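>
2 protein chains.
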Amino acid sequence: MLAHHDAIACVRLVPIFQQLNHDTISAVAELVQERHVKKGEFVFMAGDHADSLIIMAHGQVKVIQSSASGREQMIRLLQTGDFDGESVLFEDAERQTSAEALTDTQICLITRQDFQKLLTQSPAVAINMLNALGKRVSQLEAQAAATLTTSVGERLANYLVETSSELETDDFDLPLQKKDLALYLGTSPETISRKLKQFSTDGLISQHGRNHIKLTDVDGLMMVEN
Amino acid sequence: MLAHHDAIACVRLVPIFQQLNHDTISAVAELVQERHVKKGEFVFMAGDHADSLIIMAHGQVKVIQSSASGREQMIRLLQTGDFDGESVLFEDAERQTSAEALTDTQICLITRQDFQKLLTQSPAVAINMLNALGKRVSQLEAQAAATLTTSVGERLANYLVETSSELETDDFDLPLQKKDLALYLGTSPETISRKLKQFSTDGLISQHGRNHIKLTDVDGLMMVEN
DNA sequence: AAATGAACTTGATTTACGTCAAGTTCATTT
DNA sequence: AAATGAACTTGACGTAAATCAAGTTCATTT
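Protein chains in written order, with UniProt numbering: chain W, 1 to 226; chain V, 1 to 226.
1) Note the first and the last residue of the continuous alpha helix (DSSP H) segment covering residue 127(V).
2) Thinking residue 51(W) and residue 111(W) are a contact (beta carbons under 8 Å), I'd like their distance in whole angstroms, please.
3) Once the 5 residues before and after residue 125(W) are set aside, which same chain residues still bring their CB inside 8 Å of it?
4) Between 122(V), 165(V), 190(V) and 137(V), which lies nearest to residue 153(V) when the distance is taken from Cα to Cα?
5) Within a Cβ cutoff of 7 Å, which residues of the same chain sit near residue 164(W), ignoring the five residues on either side of it in sequence?
6) Residue 147(W) and residue 147(V) look like a contact to me (Cβ under 8 Å); what is the Cβ gap, rounded to whole Å?
7) Leaving out five residues on either side along the sequence, give the residues of the same chain with a beta carbon under 7 Å from the beta carbon of residue 31(W).
8) Taking only three categories from DSSP, how would you classify residue 160(W)?
9) List in chain order: all unbroken beta strand (DSSP E) runs of 3+ residues lying wholly within the region 5 to 82 of chain V.
10) Since residue 62(W) and residue 99(W) should fall inside the 8 Å C-beta cutoff, what is the C-beta to C-beta distance between them, to a whole number of angstroms?
11) Under 9 Å, do residue 106(W) and residue 37(W) count as touching if we go by C-beta distance?
12) Return the chain-ordered list of same chain residues with a C-beta closer than 8 Å to the C-beta of residue 193(W), the five sequence neighbours on each side being excluded.
13) What number of angstroms, rounded off, separates the C-alpha of residue 22(W) from the C-alpha of residue 8(W)?
14) For residue 54(W) versus residue 64(W), is the C-beta spacing smaller than 9 Å?
15) In angstroms, rounded to a whole number, what distance separates the CA positions of residue 127(W) and residue 128(V)?
16) Where in the region 182 to 209 of chain V do unbroken runs of the beta strand (DSSP E), each at least 3 residues long, occur, reported from the N-terminal end onward?
17) Determine the extent of the alpha helix (DSSP H) in which residue 89(V) is found, giving its start and end residues.
18) What residues of chain V sit near residue 136(W), judged by a beta carbon separation below 7 Å?
19) Closest to residue 161(W) by C-alpha separation, out of 213(W), 97(W) and 85(W), would be which residue?
20) When the Cα of residue 44(V) is compared with those of 26(V), 14(V), 108(V) and 198(V), which residue comes out closest?
21) Could you give the DSSP three-state label for residue 120(W): helix, strand or coil?
22) Let's see if you can read the secondary structure: which residues bound the beta strand (DSSP E) around residue 102(V)?
23) Could you tell me which residues DSSP pairs with residue 98(V) in its beta bridges?
24) At a CB distance below 7 Å, what residues from the region 84 to 100 of chain W approach chain V? Give them in sequence order.
25) For the beta strand (DSSP E) that contains residue 221(V), what are its first and last residues?
26) Determine, using beta carbons only, whether residue 129(V) comes closer than 9 Å to chain W.
27) Please list the residues of the region 141 to 156 of chain V that have a C-beta atom closer than 8 Å to any C-beta atom in chain W, keeping them in chain order.
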């Protein structure tokens with residue numbers, strides 16, 4: 001168990017708990033469980049009973065879905081402030097996805113029961129959550145439209161730019177395999193390899209090795225059209 | 001202006017106002033504006049000031065986005081119970097999209113101010129809204145994954161099956177142009193034409209003319225793989 | 001330090017689907 | 001009812017990117 005002030009510090013990191021008064025933050029801190037997950041460990045696995053909302057306090061987590069045919073698909077990369085398990089709010093079900101920590105990670109856990117209680121007690125939290133979900137919907141809609149209308153090169157460039165902008169540190173070092181990146185962007189590892197090589201040739205990125213991409217010209221990447 | 005009991009009837013149709021007590025429903029009905037929109041008319045247009053959440057009480061509405069290059073893209077087909085404008089919750093902006101009624105349509109309107117007030121007063125509404133948004137997120141995530149991994153034929157078949165299941169009436173008669181369908185599914189009208197012809201040959205649909213597709217073998221459509 | 005295998009690169013080949021083009025059908029207007 | 005034009009169909013062709021295949025690099029294990 002945590003010291004209370006540690007829990008408060010964790011809660012403060014989370015966007016949906018921002019701009020609350022002190023009493024509410026204390027109340028939230030009472031309900032939140034903090035957990036550390038080391039690089040390579042799983043935050044949760046498919047089949048687990050899904051009874052908690054998970055909020056990223058720090059780190060990077062890869063959410064993957066294993067299809068019936070045994071193939072893995074990366075669904076999402078969780079960064080600080082993101083949350084996962086909104087379906088927990090309305091469904092008592094098993095997790096469909098697994099989540100693996102790519103870096104040492106700190107998360108906040110809150111159970112469905114506690115979260116629902118919190119929502120009824122604190123309208124401010126509900127509104128923050130609605131805002132967050134609304135933004136996620138907008139983002140997904142934009143992404144869906146982009147997926148349908150743009151080339152692999154554009155999508156990759158966009159992804160790199162977006163992900164780097166969400167990152168806390170300056171030196172962009174994406175701990176993802178090309179395989180994951182490929183499946184996330186709806187392409188193949190071979191194509192990722194070729195496109196990154198091309199970006200490298202064009203001077204947009206300085207290097208890309210195993211789990212490592214270093215950006216040099218973000219503005220240039222933003223203009224990639226093929 | 002509406003008679004109060006008409007407003008209540010309208011409110012009852014809307015999923016996010018379900019399972020509320022009578023007092024709350026009355027309160028909601030006070031805030032809601034009802035509007036009828038005839039086939040072919042616009043519910044809203046890009047550039048309008050976006051200050052209301054729109055909830056579909058009855059009918060079908062096509063949401064389109066006109067890109068800078070002048071091309072139109074269908075973003076979404078709104079059916080009964082769907083709502084649009086969740087971004088209204090957190091942004092005071094102009095509408096980016098236009099919405100055209102494909103059938104005679106009945107909608108509920110509620111302003112941002114009123115809705116935010118409602119949220120703070122009635123946690124039940126907030127939770128319903130969170131559920132609805134959570135479901136929409138899940139749906140969009142599933143759609144994004146499908147878009148990336150499936151062929152046009154599969155996507156089209158899936159879309160027909162899903163849309164028909166959401167429809168109230170039995171006889172499926174989709175009032176969409178092939179152009180819209182094409183842009184929504186990320187393909188071209190020509191390809192839609194060819195795929196529908198193939199479905200027709202395979203006995204999965206009985207006919208498809210201008211704004212008209214009639215399904216015969218939904219189970220068969222669900223199995224389409226190419 | 002050698003060995004093993006996963007991750008990655010690079011090239012050759014194939015294919016689904018977009019684009020262009022030339023009709024045809026159908027609804028609306030006059 | 002004739003005329004106009006948008007929606008649609010069908011065929012021919014081109015291309016981005018998937019797939020297949022054969023190496024090469026690198027990290028982990030022994």
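Where a beta carbon is used, it is the ideal one built from N, C-alpha and C, also for glycine. Computed from a prediction, not measured in an experiment: that's the story for all the values here.
In short, the structure shows the following:
1) 123 to 149
2) 6 Å
3) 16, 17, 20, 24, 28, 118 and 119
4) 190(V)
5) 172, 215 and 218
6) 5 Å
7) 110, 114 and 118
8) helix
9) 33 to 37, 42 to 44, 52 to 58, 61 to 66 and 72 to 78
10) 7 Å
11) yes
12) 178
13) 10 Å
14) no
15) 12 Å
16) 205 to 209
17) No alpha helix (DSSP H) contains residue 89(V), which DSSP labels as neither H nor E.
18) 137
19) 213(W)
20) 108(V)
21) helix
22) Looking at the DSSP string, residue 102(V) is not in any beta strand (DSSP E), and its letter there is neither H nor E.
23) 64(V)
24) 86, 87, 89 and 90
25) It is not in any beta strand (DSSP E) - residue 221(V) instead sits in the alpha helix (DSSP H) that spans 218 to 222.
26) yes
27) 141, 143, 144, 145, 147, 148 and 149
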